[in-house]
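> Residue numbers (my numbering): 5 to 227.
Built from N, CA and C at the ideal position, the CB exists for glycine as well.
#1: With DSSP as the reference, label residue 178 as helix, strand or coil.
#2: Going by DSSP, what residues sit across from residue 127 in a beta bridge?
#3: Could you round the C-beta distance between residue 203 and residue 105 to whole angstroms and report it? I think they count as a contact, below 8 Å.
#4: Between residue 171 and residue 207, which are expected to be in contact by the criterion C-beta below 8 Å, what is the C-beta distance as a whole number of angstroms?
#5: By the DSSP assignment, the alpha helix (DSSP H) with residue 166 in it spans what residues?
#6: Which residues in the same chain as residue 193 place their Cβ atom closer than 6 Å to its Cβ, once the five residues preceding and following it in sequence are excluded?
#7: Rounded to a whole number of angstroms, what is the C-alpha to C-alpha distance between residue 56 and residue 225?
#8: Could you check whether residue 165 and residue 103 sit closer than 8 Å to each other, using their CB atoms as the reference points?
#9: Just reading off the alpha helix (DSSP H) that residue 106 is part of, what are its end residues?
#10: Helix, strand or coil: which one does DSSP assign to residue 82?
#11: Are residue 33 and residue 62 closer than 8 Å when you measure CB to CB?
#12: Leaving aside the five residues before and after residue 76 along the sequence, list all residues of the same chain whose C-beta is less than 7 Å from its C-beta, in chain order.
#13: In chain order, what residues of the same chain lie with their CB nearer than 6 Å to the CB of residue 148, ignoring the 5 residues before and after it?
#14: Does the separation of the CB atoms of residue 186 and residue 101 fall below 8 Å?
#15: Of the choices 66, 23 and 188, whose alpha-carbon is the least far from that of residue 205?
#16: For residue 159, which option in 111, 123 and 13 has the closest C-alpha, if you only look at C-alpha atoms?
#17: Rounded C-beta distance between residue 152 and residue 110? I'm assuming under 8 Å.
#18: Enumerate in chain order the residues of its own chain whose CB-to-CB distance from residue 88 is below 8 Å, with the five nearest sequence positions on each side excluded.
#19: Locate the alpha helix (DSSP H) running through residue 19, then write down its first and last residues.
#20: Can you tell me whether residue 62 is helix, strand or coil according to DSSP?
#21: Can you give me the Cβ contacts of residue 11 inside the same chain, cut-off strictly under 8 Å, excluding the 5 residues immediately before and after it?
#22: Do you know how far the Cα of residue 198 is from the Cα of residue 222?
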């Protein structure tokens, strides 16, 4: 690490950005990957749709060094360099949190939740997460809101969130990084989030159950 080194994390949420910026001021770039993927039963990564894009930008309006942009411009990944990466990061965070809230609370695909009469609750979850972003100073754009609404209210859609897929498979989940941190920021900003809080309780319960099962298995192994 030197003064010319740049760090480009490609994770969801903002907690890691805050930690890196504290340790390495003005050296952190923001990055967003859009891809729909999951792990199958033998832990092979499966890309579920053709979507695969990478958006990068400076966290404080600084330019992305040309050599970094060139290195990231590869076949199969649509690259965009932007000067509004903090707001774009928040916009994606609001979307994936809303998707996680909806699918984890109701344990199903968007199509099944809609068929069960859940459209109003879906819309409220989207609004709830976007209100947090706005209170944090990063209002979701009209285009971003319209995209979230279209994806999460499409009749018959088989869409689920990665949080739900991990939950469904009994795997570890990004509960604290995506849902927990957002709920904590909402509390600090005094934004009411009943749906977000309920989903977080659901995910933390799942985590406790996994810990209990793991501890019981380890206890048998050492007996």
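With the structure as the only source:
#1: The residue labelled residue 178 in the question sits at position 174 within the chain shown. In this structure, residue 178 counts as coil in the three-state DSSP scheme.
#2: Taking the first residue of the chain shown as 1, we reach residue 127 at position 123. Beta-bridge pairing links residue 127 to no other residue.
#3: Translated into the one-based positions of the chain shown, residue 203 becomes position 199. Translated into the one-based positions of the chain shown, residue 105 becomes position 101. Contact flag correct, Cβ pair sits at about 4 Å.
#4: For the purposes of this step, residue 171 is taken as residue 167 along the chain shown, with counting starting at 1. For the purposes of this step, residue 207 is taken as residue 203 along the chain shown, with counting starting at 1. That pair is a contact at about 7 Å.
#5: Translated into the one-based positions of the chain shown, residue 166 becomes position 162. Residue 166 -> alpha helix (DSSP H) spans 166–173.
#6: Your numbering for residue 193 matches position 189 in the chain shown. Cβ neighbours of residue 193 beyond the five flanking positions: 139.
#7: Reading the chain shown from its first residue, position 52 is the one you call residue 56. Reading the chain shown from its first residue, position 221 is the one you call residue 225. The straight-line gap from Cα to Cα measures roughly 42 Å.
#8: Position 99 of the chain shown holds residue 103. Position 161 of the chain shown holds residue 165. Contact flag set, yes.
#9: Taking the first residue of the chain shown as 1, we reach residue 106 at position 102. Run containing residue 106: 89–110, per the alpha helix (DSSP H) assignment.
#10: For the purposes of this step, residue 82 is taken as residue 78 along the chain shown, with counting starting at 1. Note: residue 82 maps to strand in three-state DSSP.
#11: Here residue 33 refers to the residue found at position 29 of the chain shown. Here residue 62 refers to the residue found at position 58 of the chain shown. Yes, Cβ-Cβ distance for residue 33 and residue 62 is below 8 Å.
#12: Walking along the chain shown from the start, residue 76 turns up at place 72. Answer for residue 76: 58, 60 and 83, listed in chain order.
#13: Locating residue 148 in the chain shown gives position 144, where the first residue counts as 1. The answer, listed in chain order, is 95.
#14: Looking up residue 186 in the chain shown gives position 182. Looking up residue 101 in the chain shown gives position 97. Against a cut-off of 8 Å, the Cβ pair of residue 101 and residue 186 comes out as a contact.
#15: Stepping through the chain shown from its first residue, residue 205 is reached at position 201. Considering only 66, 23 and 188, the residue with the shortest C-alpha distance to residue 205 is 188.
#16: Position 155 of the chain shown, counted from the first residue, corresponds to residue 159. Checked all of 111, 123 and 13; the closest Cα to residue 159 is 123.
#17: Against the chain shown, residue 152 aligns to sequence position 148. Against the chain shown, residue 110 aligns to sequence position 106. Going by Cβ atoms, the distance from residue 152 to residue 110 rounds to 17 Å, so no, they are not a contact pair.
#18: The sequence position of residue 88 within the chain shown is 84, counting from 1. Counting only Cβ-Cβ distances below 8 Å, and skipping sequence neighbours, we find 61.
#19: In the chain shown, residue 19 corresponds to position 15, counting from 1. From DSSP, the alpha helix (DSSP H) with residue 19 extends over 19–27.
#20: To locate residue 62, count along the chain shown from 1; it is residue 58. Three-state result, residue 62: strand.
#21: Here residue 11 refers to the residue found at position 7 of the chain shown. These residues qualify, in order along the chain: 24, 28, 31, 32 and 33.
#22: For the purposes of this step, residue 222 is taken as residue 218 along the chain shown, with counting starting at 1. For the purposes of this step, residue 198 is taken as residue 194 along the chain shown, with counting starting at 1. So the two alpha carbons sit approximately 36 Å from each other.
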